[in-house]
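Participant: If you scroll down you'll find the structure; I have some questions about it.
Residue numbers (this note's numbering): 23 to 575.
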């Protein structure tokens, strides 16, 4: 594998390309992203930088750091989609560079460290989360940084990183590093201090005291201020409700299967998935059968990956984003495996079998995905047709390059070609399928609402746009949760406005005997609703929703 020139520069440019290019091109989505974007906007509007608000009501579900970061951007540069997502994207870029630093410490070859960081920059899990206004990628950064700094025996800085994570997402910023560091320390205390270049992990009282002091000074003042303002109800709501109950009960979602995270991890490393599936297993089997032993560096990366994965697997309230901290160590293990095979193939032609299988399979997958994008074209209503075509061509061209690499056994060039191809493929998905035509449906609906609201009429959303419409209208809205509430709302003596799918409006009219007037309509494709079925069996009537803005007067 040829040496990478200017590795830090190339990684910054790569992560800017995948995480920051066109960051504001897509409208704020009707998912959790809407909460953070709107709460940050309301923070600037109200001037209340202590208590987050969403839809002009207190929002206690998450701590303050993400709101502060986005609100500060809004205050300086104005309210925008990229401003809402900037902290997540910046965290992704920092995590790429941090992965490289970790790789330099734990991997033998510098180029493998670069490849591990490049995998982080071009895996779908981080690509997607860097482009959403969510605190999960910053949490992954701070948790990973806390582990790295503790391993480097910098407890004060480790405490600072944990404190930032605690302000970003809460107790997980302490739990995840502990899950990683405790097993590493337990195993390494039996190894001699001179084994390898790494010093064993230690938990010296002085280090704990320093880390704890920094953590308390940085992390606790905001929580103390919230307690002073809102009392114990806030502590009960956040620490018990939003953390303990989310982990241990089905209050927030139904229980999920034990293997729930397996496809999440496999999909999260796309388009490197097939290399992960094919390459590392021989080494793993040899270790399990005791034909080989893990080095100290490998042990750290394996624990770093497996411990949080097992912890979240044991939870009831499993969520896909929880396992983001496992991707950097997993990427480094995968990079080491790819690098080893590449170097072996350069001297032993027979050593390229695994690379050939994974490369041919990835090329075939790209061709299949290009065909699926073509098939799904009619329902991808936010995409420009030309960019959709360019995206399909990018998939096919990348497949050809990989096939050419495999045919010519040009394995030394595989890491660079795969990295460039992965970046192109992910950007093709974003700009060829998701982010394109503006204004999007939510912006059009917001414009209709503002144009038809003349006397402070109440606005309600039902079964659609419940989290992002308020960001574009800047107006408080009533959230309706069942047909009875919706019918009661529309039966008001005052004029009111409702945003709902056309099929829902028809049902409400028939059930409640209502006479409603349509003010505007727009086709809407919710990005969160795109599933494999959307690509395999696209149906405009099922996948694209006709939204109506109606009034009762």
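Don't be surprised by glycine CBs; every beta carbon is placed ideally from N, CA and C.
In the DSSP output, what is residue 501 paired with across the bridge?
Facilitator: Beta-bridge pairing links residue 501 to 483.
Participant: On the premise that residue 187 lies in contact with residue 165, defined as a C-beta separation below 8 angstroms, what is that separation, rounded to the nearest angstrom?
Facilitator: With a Cβ gap of about 6 angstroms, residue 165 and residue 187 count as contacting.
Participant: On the DSSP letters alone, give me the boundaries of the beta strand (DSSP E) that residue 545 sits inside.
Facilitator: Looking at the DSSP string, the run of the beta strand (DSSP E) that includes residue 545 is 539–546.
Participant: In the DSSP assignment, find the alpha helix (DSSP H) that holds residue 51 and state where it starts and stops.
Facilitator: No alpha helix (DSSP H) contains residue 51, which DSSP labels as neither H nor E.
Participant: In this structure, how does DSSP classify residue 572 when only helix, strand and coil are distinguished?
Facilitator: Residue 572: strand per DSSP, three-state reduction.
Participant: Work out the CA separation of residue 154 and residue 457 for me, nearest whole Å.
Facilitator: Answer to the nearest angstrom: the Cα atoms are 12 angstroms apart.
Participant: For residue 185, which residues in the same chain have their Cβ closer than 7 angstroms to its Cβ, ignoring the five residues on either side in sequence?
Facilitator: The residues are 236, 237, 240, 241.
Participant: Find the nearest neighbour of residue 40 within the set 30, 441, 345, judged by alpha-carbon distance.
Facilitator: When only C-alpha atoms are compared, the closest one is 441.
Participant: Only counting runs of 3 or more residues, tell me where the beta strand (DSSP E) segments fall wholly within the segment 173–245, in order along the chain.
Facilitator: Runs found: none.
Participant: Residue 44 to residue 311, Cα distance in whole Å?
Facilitator: Straight-line Cα distance between these residues: approximately 48 angstroms.
Participant: In three-state terms, what does DSSP make of residue 121?
Facilitator: Reduced to three states, the DSSP call for residue 121 is helix.
Participant: Mapping DSSP to helix, strand and coil, what is residue 396?
Facilitator: Note: residue 396 maps to helix in three-state DSSP.
Participant: What's the call for residue 345, buried or exposed, on a 16-neighbour Cβ count within 10 Å?
Facilitator: Looking at its Cβ environment, which holds 16 or more other Cβ atoms inside 10 Å, residue 345 is buried.
Participant: Considering residue 277, what are the terminal residues of the beta strand (DSSP E) in which it resides?
Facilitator: Premise fails: residue 277 is in no beta strand (DSSP E) and is neither H nor E.
Participant: Quick one: what does DSSP say residue 567 is sitting in, helix, strand or coil?
Facilitator: Here residue 567 sits in strand by DSSP.
Participant: Please report the residue range of the beta strand (DSSP E) in which residue 519 lies.
Facilitator: Residue 519 -> beta strand (DSSP E) spans 518–523.
Participant: Could you tell me whether the Cβ atoms of residue 571 and residue 538 are closer together than 8 angstroms?
Facilitator: No; because the gap between Cβ atoms is not below 8 angstroms, this pair is not in contact.
Participant: Look up residue 76 in the DSSP assignment and give the residues it is bridged to.
Facilitator: According to DSSP, residue 76 bridges with 79.
Participant: Within the chosen definition, does the segment 496–511 reach the segment 434–454 through at least 3 CB pairs nearer than 8 angstroms?
Facilitator: Result no; under three Cβ-Cβ pairs closer than 8 angstroms.
Participant: Taking Cβ positions, are residue 404 and residue 462 nearer each other than 8 angstroms?
Facilitator: In contact: residue 404 and residue 462 (Cβ atoms closer than 8 angstroms).
Participant: For residue 339, does the three-state DSSP call read helix, strand or coil?
Facilitator: In this structure, residue 339 counts as coil in the three-state DSSP scheme.
Participant: Out of curiosity, what's the CA-to-CA distance linking residue 215 and residue 224?
Facilitator: Legend: pLDDT at residue 215 = 48, less than 50; position of this residue unreliable, no value from coordinates given.
Participant: Cβ atoms of residue 401 and residue 548: under 8 angstroms apart, would you say?
Facilitator: No.
Participant: Short of 7 angstroms in beta carbon distance, which residues of its chain neighbour residue 380, apart from the five on each side in sequence? Order them along the chain.
Facilitator: Hits under 7 angstroms: 296, 297, 300, 301.
Participant: Taking 8 angstroms as the cut-off, does the segment 58–69 touch the segment 477–497 (at least 3 CB pairs, one atom from each stretch)?
Facilitator: Touching, yes.
Participant: Rounded to the nearest angstrom, what separates residue 472 and residue 71 at their Cα positions?
Facilitator: Rounded to the nearest angstrom, the two C-alpha atoms are 27 angstroms apart.
Participant: Express the C-alpha separation of residue 261 and residue 267 in angstroms, rounding to a whole number.
Facilitator: Taking the straight line from one Cα to the other gives about 9 angstroms.
Participant: What residue from 363, 416, 115, 146 has the CA that sits closest to residue 388's CA?
Facilitator: It is 416 whose Cα lies nearest to the Cα of residue 388.
Participant: Buried or exposed: where does residue 428 fall if 16 or more other Cβ atoms within 10 Å of its Cβ makes it buried?
Facilitator: With 16 or more other Cβ atoms within 10 Å, it is buried.
Participant: Thinking residue 136 and residue 122 are a contact (beta carbons under 8 angstroms), I'd like their distance in whole angstroms, please.
Facilitator: So it is a contact: roughly 6 angstroms between Cβ atoms.
Participant: So for residue 160, helix, strand or coil by DSSP?
Facilitator: Residue 160: helix per DSSP, three-state reduction.
Participant: List the endpoints of the continuous alpha helix (DSSP H) containing residue 283.
Facilitator: 283–290 is the extent of the alpha helix (DSSP H) around residue 283.
Participant: Count the C-beta pairs between the segment 165–175 and the segment 190–208 that are closer than 8 angstroms, then say yes if the count reaches three, no if not.
Facilitator: These segments touch.
Participant: Let me confirm a value: residue 359 is counted as buried when at least 16 other C-beta atoms fall within 10 Å, else exposed. Which label applies?
Facilitator: Residue 359 comes out buried.
Participant: Tell me which residues share the same chain as residue 399 and place their Cβ nearer than 7 angstroms to its Cβ, disregarding the 5 neighbours each side in the sequence.
Facilitator: Result list for residue 399: 410, in chain order.
Participant: Select from 150, 101, 79 the residue whose C-alpha is nearest the C-alpha of residue 111.
Facilitator: Of 150, 101, 79, the residue nearest in Cα terms is 150.
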